[in-house]
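Heads up, the sequence shown is in this note's numbering, so the first residue is 6 and it goes up one at a time.
Even for Gly, the Cβ is constructed at its ideal location relative to N, Cα and C.
Comments concern the structure below.
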Amino acid sequence: MKTILSTIALTLALGIAVGAAAQNKSTVSRSAADTVMLSETADGDYLVRRYVVNSDKIDGYSIRYLINSAKLMPSLNGNANEIKDLGAFIESLSNDSLLRVRSIEIVGYASPDGPRAFNEQLAKRRAQDFRNYVDKKYNLSKHYDVSIRGVAENWDAAEASVRASKITDRQAVLDILNSRDSDQQKELRMKRMAPAVWNYMRETILPPLRRVEMTVHYAEGRYAEQRMLIVPVVEEREVVVEEVCNPCCDIVIDESINGLIVEMDDVGNDW
C-alpha cells in the first residue's frame, strides 16, 4: 500500500506542475523532461518529498529585414515589440534559477524573388547580423549554445499567404505557384500578369519572408511536493495451534513387542 500511495502522489504532483507550466501562453510546452528531488523530510505521519519538475519549452522571435538588406532595423514593422519581448525573456533567465537554456538557433531567411545564389548568401548574412546584435547586447554566445544558418525560401512559402489574400487573379497565381516550373520561371510568369498582381506580391506577400527567426529551447522548472502517509510495517508472525490431546483416545504402540496386542476393556468373572 505504501508503494501505491507514493506512485499516486507523485503522479498528481507532476500533473500539477506540468499544468501550471502550460498556462504560459507565450511558449510551446512539450512533455515533462525530468524531475530532481530536492529534499525528504518527515511531517507527522507523512513523508514529504520536494521536487523540481522540468518541462521542455520553446520561445520564438521573428525579426523583419528590408529587401536585399542584412542590417537590422529595430523600427521596421513589429521588430520593436519582438526585440522588447526577447529582452524581457533574456532578463528572466538571470532572475529565475528554474529556467535553463538548452540551445538557441538563429535562422536567416530570404524571399524567393531574385537569384537563388544571392538569396542563400543574403539569408546567412541576416542570421549572422542578428547573432552579432544579441551577442553585443546580451553576450549570448558566451553563455549559451548558439547556432546559425540561412534558408533561401522557394515560392511554396508564399502559397498559404496568397491563398488567404485578396490578390487579383488569385487562382491563376496559385496555379503558377503549384506548377512544376522553376522558381525563376514562376517569378517571370507572375511579373507578366497584370501589374496589380506583382505589386501585391512585392508589397504584401514577400516582405514577411525576409526575416530572421530566433528559437530558444529551454527547460522550465516547477516545484512539486509529494506527501506519503507512513504506513507502519506489521511483522507477520506464524501462529502455532497446539492440538489438544484426548488421553482416552490415545493408542500407544510398543514397537519392541512382536505380534499383535489388543487392548480390551476389563471383563467380569462371570464365566
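Taking only three categories from DSSP, how would you classify Tyr-149? Residue mapping note: residue 149 aligns to position 144 of the sequence shown, counting from 1. It is coil, neither helix nor strand.
Quick check: Gly-49 and Arg-216, are their CB atoms within less than 9 Å of each other? Taking the first residue of the sequence shown as 1, we reach residue 49 at position 44. Taking the first residue of the sequence shown as 1, we reach residue 216 at position 211. No, the pair does not count as a contact, with Cβ atoms beyond the cut-off.
Considering only the alpha carbon of each residue, which of Arg-105, Arg-130 and Glu-241 lies closest to Asn-73? Numbered from its first residue, the sequence shown carries residue 73 at position 68. With distances taken between Cα atoms, Asn-73 lies closest to Arg-130.
Residue environment, Lys-62, which counts as buried when at least 16 other CB atoms sit within 10 Å: Taking the first residue of the sequence shown as position 1, residue 62 is located at position 57. When all chains shown are included, Lys-62 counts as buried.
Report yes if the C-beta distance between Ile-172 and Thr-209 is below 9 Å; otherwise report no. Position 167 of the sequence shown holds residue 172. Position 204 of the sequence shown holds residue 209. A contact, by the Cβ cut-off of 9 Å.
Out of Thr-220, Asn-204, Asn-82 and Asp-186, which has the shortest C-alpha to C-alpha gap to Tyr-149? Translated into the one-based positions of the sequence shown, residue 149 becomes position 144. That would be Thr-220, whose Cα lies nearest to the Cα of Tyr-149.
Exposed or buried, what is Arg-105 when buried is set at 16 or more other beta-carbons lying within 10 Å of its beta-carbon? Along the sequence shown, read from residue 1 onward, the residue named residue 105 stands at position 100. Classification for Arg-105: exposed.
Could you name each continuous alpha helix (DSSP H) segment of 4 residues or more that falls completely within the region 153-218, going from the start of the chain to the end? 164-168, 175-182, 188-196 and 200-205
So, with DSSP's three-state summary, where would you put Ser-80? As a working mapping, residue 80 is identified with position 75 in the sequence shown. Reduced to three states, the DSSP call for Ser-80 is coil.
Measuring alpha carbon to alpha carbon, tell me which residue in Ala-128, Val-156 and Asn-183 is nearest Arg-168. For the purposes of this step, residue 168 is identified with residue 163 of the sequence shown, where counting begins at 1. The option with the nearest alpha carbon to Arg-168 is Asn-183.
Along the chain, where does the alpha helix (DSSP H) containing Asp-134 start, and where does it finish? Against the sequence shown, residue 134 aligns to sequence position 129. Looking at the DSSP string, the run of the alpha helix (DSSP H) that includes Asp-134 is 121-143.
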